[in-house]
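This report concerns only the one structure given below.
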Amino acid sequence: MRTRRSVIDLDDLTASEMTYIFERTADFEHEKPDRLLDDVACVNMFFENSTRTMTSFALAEQRLGANAITLWPKESSLQKGETIEDTAITLAAMGINVLVIRHSEEGYPRRVALAFDGHVINAGDGTHAHPTQGLLDIYTMRQEFGELSGRRIAIVGDILHSRVAHSNIAGLRSFGAEITLVGPPAFLPDDYAQPHVKIERDLDPILGDVDAIMLLRIQRERFADMPISDEEYIARYRLDSRRLKRMRPEAIIMHPGPYHRGVELDDSVLDYAGWRYASQVMHGVRVRMALLDFLVNGAPALVA
Amino acid sequence: MRTRRSVIDLDDLTASEMTYIFERTADFEHEKPDRLLDDVACVNMFFENSTRTMTSFALAEQRLGANAITLWPKESSLQKGETIEDTAITLAAMGINVLVIRHSEEGYPRRVALAFDGHVINAGDGTHAHPTQGLLDIYTMRQEFGELSGRRIAIVGDILHSRVAHSNIAGLRSFGAEITLVGPPAFLPDDYAQPHVKIERDLDPILGDVDAIMLLRIQRERFADMPISDEEYIARYRLDSRRLKRMRPEAIIMHPGPYHRGVELDDSVLDYAGWRYASQVMHGVRVRMALLDFLVNGAPALVA
Amino acid sequence: MRTRRSVIDLDDLTASEMTYIFERTADFEHEKPDRLLDDVACVNMFFENSTRTMTSFALAEQRLGANAITLWPKESSLQKGETIEDTAITLAAMGINVLVIRHSEEGYPRRVALAFDGHVINAGDGTHAHPTQGLLDIYTMRQEFGELSGRRIAIVGDILHSRVAHSNIAGLRSFGAEITLVGPPAFLPDDYAQPHVKIERDLDPILGDVDAIMLLRIQRERFADMPISDEEYIARYRLDSRRLKRMRPEAIIMHPGPYHRGVELDDSVLDYAGWRYASQVMHGVRVRMALLDFLVNGAPALVA
Numbered sequence: 232m233r234t235r236r237s238v239i240d241l242d243d244l245t246a247s248e249m250t251y252i253f254e255r256t257a258d259f260e261h262e263k264p265d266r267l268l269d270d271v272a273c274v275n276m277f278f279e280n281s282t283r284t285m286t287s288f289a290l291a292e293q294r295l296g297a298n299a300i301t302l303w304p305k306e307s308s309l310q311k312g313e314t315i316e317d318t319a320i321t322l323a324a325m326g327i328n329v330l331v332i333r334h335s336e337e338g339y340p341r342r343v344a345l346a347f348d349g350h351v352i353n354a355g356d357g358t359h360a361h362p363t364q365g366l367l368d369i370y371t372m373r374q375e376f377g378e379l380s381g382r383r384i385a386i387v388g389d390i391l392h393s394r395v396a397h398s399n400i401a402g403l404r405s406f407g408a409e410i411t412l413v414g415p416p417a418f419l420p421d422d423y424a425q426p427h428v429k430i431e432r433d434l435d436p437i438l439g440d441v442d443a444i445m446l447l448r449i450q451r452e453r454f455a456d457m458p459i460s461d462e463e464y465i466a467r468y469r470l471d472s473r474r475l476k477r478m479r480p481e482a483i484i485m486h487p488g489p490y491h492r493g494v495e496l497d498d499s500v501l502d503y504a505g506w507r508y509a510s511q512v513m514h515g516v517r518v519r520m521a522l523l524d525f526l527v528n529g530a531p532a533l534v535a
Numbered sequence: 232m233r234t235r236r237s238v239i240d241l242d243d244l245t246a247s248e249m250t251y252i253f254e255r256t257a258d259f260e261h262e263k264p265d266r267l268l269d270d271v272a273c274v275n276m277f278f279e280n281s282t283r284t285m286t287s288f289a290l291a292e293q294r295l296g297a298n299a300i301t302l303w304p305k306e307s308s309l310q311k312g313e314t315i316e317d318t319a320i321t322l323a324a325m326g327i328n329v330l331v332i333r334h335s336e337e338g339y340p341r342r343v344a345l346a347f348d349g350h351v352i353n354a355g356d357g358t359h360a361h362p363t364q365g366l367l368d369i370y371t372m373r374q375e376f377g378e379l380s381g382r383r384i385a386i387v388g389d390i391l392h393s394r395v396a397h398s399n400i401a402g403l404r405s406f407g408a409e410i411t412l413v414g415p416p417a418f419l420p421d422d423y424a425q426p427h428v429k430i431e432r433d434l435d436p437i438l439g440d441v442d443a444i445m446l447l448r449i450q451r452e453r454f455a456d457m458p459i460s461d462e463e464y465i466a467r468y469r470l471d472s473r474r475l476k477r478m479r480p481e482a483i484i485m486h487p488g489p490y491h492r493g494v495e496l497d498d499s500v501l502d503y504a505g506w507r508y509a510s511q512v513m514h515g516v517r518v519r520m521a522l523l524d525f526l527v528n529g530a531p532a533l534v535a
Numbered sequence: 232m233r234t235r236r237s238v239i240d241l242d243d244l245t246a247s248e249m250t251y252i253f254e255r256t257a258d259f260e261h262e263k264p265d266r267l268l269d270d271v272a273c274v275n276m277f278f279e280n281s282t283r284t285m286t287s288f289a290l291a292e293q294r295l296g297a298n299a300i301t302l303w304p305k306e307s308s309l310q311k312g313e314t315i316e317d318t319a320i321t322l323a324a325m326g327i328n329v330l331v332i333r334h335s336e337e338g339y340p341r342r343v344a345l346a347f348d349g350h351v352i353n354a355g356d357g358t359h360a361h362p363t364q365g366l367l368d369i370y371t372m373r374q375e376f377g378e379l380s381g382r383r384i385a386i387v388g389d390i391l392h393s394r395v396a397h398s399n400i401a402g403l404r405s406f407g408a409e410i411t412l413v414g415p416p417a418f419l420p421d422d423y424a425q426p427h428v429k430i431e432r433d434l435d436p437i438l439g440d441v442d443a444i445m446l447l448r449i450q451r452e453r454f455a456d457m458p459i460s461d462e463e464y465i466a467r468y469r470l471d472s473r474r475l476k477r478m479r480p481e482a483i484i485m486h487p488g489p490y491h492r493g494v495e496l497d498d499s500v501l502d503y504a505g506w507r508y509a510s511q512v513m514h515g516v517r518v519r520m521a522l523l524d525f526l527v528n529g530a531p532a533l534v535a
């Protein structure tokens, strides 16, 4: 049934497609694109709570002139015995072109994409992937560094449960970055190691080597018991004023948000010249506009 | 107080008014009507959960250029001691022109319509009526057969609790169709029989005679105990490959959705050439656009 | 961080600013302003349930051509450990220009305004303030009386728990009105008395003296035990046909809604020539449009 492109994770896009999306993102700083998605209907289905991602998608859709409808379905009542696949078929028949889906279950948006004759964008599925966050993170780094080939990027903390980390790893590898994952074994199993992705157990040894650090929130809602004491986590992984001093002066710090002051960072990070949180959020709306434009209107400059 | 037309069930519209609405529905396949409801404000109040009907109305309103606001009120908090009639008066004073209402209580939209100085559209009230579903079903049949006078339409299953069946019966009678209701007594009391509406207890005897079959979901949320075993229901009423073979080749099958695979139909129905579910859904948005246009802008071609 | 104007209560606006807003409100009876908030993004965060205020803001935003997004956040899930201040910073970085906030906690919108680099409009915070309701009430009175200086306005009932009363007192004092608050001590402590604001314990003595009476709903959800019996409240404060006869013929009656028939008023009030409830509601959308226009686009006619 599925005939159109969906983005479930960043390996659904080639490096040149992502590059095209980033060029469009930059265009949208100046371009007023309010008819690009004229008569295109987007449904945002958020099975998990969301403030920033939902707002960002809804704003992106409205800015492009799409018809935007947001649902907060409850699993049980959605269905009345109907499968999500049948719901997807129904929404396609209704003329819905784009489904943005957030769900606590890994793989759920993929199932929808297999049934939906339109574009599915994964807005976060459990611990699996969050590709639009990955896109805005990579866009933020490219704004800073240009080409990412050979750039050293550290991702720190609860990698295992972080869909943001997973999508960044997939995307950054496409651009030839050198990724260092940092965390304790319970948050970072050994099998994350692969070509261009190495593992470190402590933050201090790599601080002086990296161009960018991405901090993560511990995803406490995704596991039962904290496998490491707060004290130890803070001692080994929290970015604070002492550690900031050991970073390269031009290095930047990112966070997908929401951040926990006092856990993965202290307030000195929020005042650091290289703190890019606000830029990430700002880019989020435009990256999503560019992705929607790419999926619906295609990329004239690219040979498929 | 009420001065404007509302549609609580299909007997609120004459056959010529429905015909006008169907002509407009066909126009909207080609016409780009994005200013027809310019400055018209629609509030969608869904007291019961809904995905497809809510999305269909919201999309119809946005496509016509209306201001569309969707509320999921909780009965208790809506009121703070206020009656729904007073809420309706308030929304009219605010300049709201159209109220689309779904509620589990039969008659609730009618109560609102009596108080509201604007147009009320019933989007489903308990087991009573669902007129826009009826309109899209009848539109689908007219697309297939042209005039419906004398056409033989079967509606199968839980008639008693189905607001969809009730609205279809009302609408189809206006167009002179011959209706056969099929189901066990607990789902189809004898008093449904009337001129042009006959009752059958089993599906098999009528399969070869009908132009269209409308299957219904058993509305398990609307009664306590299932009055017939699943096995017996399936044996007597499920449309399956064996029964499909006995239908006339040009006959069509419809379902208001969501459908239960394995209960009222099996997967062979979904592959049947005459399965019209997707057409029904597709027509749903345009029929609702046409109804909104008719209520707000009137029908220039009709003498009232 | 905060650099732009917010309106948490009516003392955030001068009398000349309110006058400008009222002039714009009157303009909007005729002006079609659908591009005044072009590319302006408004997020409505309703932590408390709302039908009329939410609908009124959403309609005002859409009529001005803004991008309007409505959230019903649950406190716990909003945060994932994030403070509302950090959420506000994030929304500003995303390009959100206006935050409309309703919350059960007094002072909550003020906290947000201190963090948010944009405009915050308080849509009601606990028992504290509801400035846009105050604006529409004062606009309604100015439509009736022109200048309010020296006009005698009574506010009757549960003053203590009424954010509407508090905002009206603040606004009416700016315009030089003479305010009489009427209620029992449990709803009207002695310290409400101040210059141009006097206290009365019974309604009957002042009925013949006032130009306008504003009735209030008893805010039963904001305190534990009713401090006065229903019978006594009705006997001393309910406006009914007997008391209506003692009012000046040109006096008007207002209510912020929702109203309790039989408690603070009886049905004869709803038929009274001076009952202005529908006008208040109607003005509500346009007053909010004018406030949004003032905050975002400024007041060319005013020297700051």
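Chains as they are written, first to last, in my numbering: chain A, 232 to 535; chain B, 232 to 535; chain C, 232 to 535. Glycine is no exception: its CB is placed at the ideal position from the N, C-alpha and C atoms.
Assign residue i to one of two classes, buried (16 or more other C-beta atoms within 10 Å of its C-beta) or exposed (fewer than that).
i         : result
Ala291(C) : buried
Gly414(C) : buried
Met520(B) : buried
Ser308(A) : Low confidence applies here, because Ser308(A) scores a pLDDT of 48, under 50, leaving its location unreliable and the question unanswered by this model.
Phe525(A) : buried
Gly515(C) : buried
Asn461(A) : Checking the displayed sequence, the identity of residue 461(A) turns out to be Asp instead of Asn. Answer is exposed; the Cβ neighbour count stays below 16.
Gln425(A) : exposed
Pro362(C) : buried
By alpha-carbon positions, which one of the options ends up nearest to residue i?
i         : options                                    : result
Gly488(A) : Glu481(A), Arg477(A), Ser510(A)            : Ser510(A)
Ala299(A) : Leu268(A), Arg283(A), Asp497(A)            : Leu268(A)
Phe278(B) : Ile252(B), Asn328(B), Gly326(B), Tyr339(B) : Tyr339(B)
Leu366(C) : Ala530(C), Arg236(C), Asp243(C)            : Asp243(C)
Val441(B) : Arg477(B), Gln450(B), Arg469(B)            : Arg477(B)
Arg283(C) : Ala323(B), Glu248(B), Leu446(B), Phe376(B) : Ala323(B)
Ile459(B) : Ser237(B), Ser472(B), Pro416(B), Asp356(B) : Pro416(B)
Ser335(C) : Lys305(C), Thr318(C), Phe347(C)            : Lys305(C)
Asn280(B) : His261(B), Leu302(B), Ile484(B), Glu260(B) : Leu302(B)
Arg467(B) : Leu434(B), Ile484(B), Arg479(B), Ala482(B) : Leu434(B)
Please list the partners that residue i has in chain A, where partner means a Cβ-to-Cβ separation under 8 Å.
i         : result
Ile332(C) : Correct list: empty, because the minimum Cβ distance to chain A is about 13 Å.
Quick one: which chain A residues come within Cβ less than 7 Å of residue i?
i         : result
Pro304(C) : Thr282
Gln293(B) : Asn298
Can you pull the DSSP bridge partners for residue i?
i         : result
Arg383(A) : Glu409(A)
Thr301(B) : Asn275(B)
Glu431(C) : Val413(C)
Val441(B) : The partner list for Val441(B) (beta bridge, DSSP) is empty, contrary to what the question assumes.
Gln209(C) : The displayed coordinates of chain C run from 232 to 535. Any statement about residue 209(C) would go beyond what the structure contains.
Which residues in chain C have a C-beta closer than 8 Å to the C-beta of residue i? List them in chain order.
i         : result
Thr286(A) : Val274, Ile300, Leu302, Leu322, Met325, Ile327
Met513(A) : Ala324, Met325, Gly326
Leu290(A) : Ala272, Asn298, Ile300, Met325, Gly326, Ile327
For residue i, which residues in chain B fall below 7 Å Cβ to Cβ?
i         : result
Met485(C) : Chain B residues near Met485(C): none, gap ~13 Å exceeds 7 Å.
Ala509(C) : Ala324
Can you pull the chain B residues whose beta carbon is under 8 Å from the beta carbon of residue i, in chain order?
i         : result
Glu313(A) : Gly488, Pro489, Tyr490, His491
Would you mind telling me which residues of chain A sit closer than 9 Å to residue i, beta carbon to beta carbon, in chain order?
i         : result
Asp440(C) : Here the premise fails: no neighbours, minimum Cβ distance about 50 Å.
Just to make sure I have the definition right: I need the residues of chain C whose C-beta is within less than 7 Å of the C-beta of residue i. Which are they?
i         : result
Val516(A) : Met325, Gly326
Thr318(B) : Thr282
field: Contiguous alpha helix (DSSP H) assignments of at least 4 residues, all confined to the region 313–343 of chain A
entry: Counting only runs of 4 or more, we get 315–324.
task: At 3 residues or longer, and completely inside the region 474–529 of chain B: list those beta strand (DSSP E) runs for me, N to C.
output: Runs of the beta strand (DSSP E) inside the region 474–529 of chain B: 483–485.
message: What ranges does the beta strand (DSSP E) occupy inside the region 340–372 of chain B, keeping only unbroken runs of at least 3 residues that lie completely in it?
response: Listed in chain order, the complete beta strand (DSSP E) runs (minimum 3 residues) inside the region 340–372 of chain B are 350–356.
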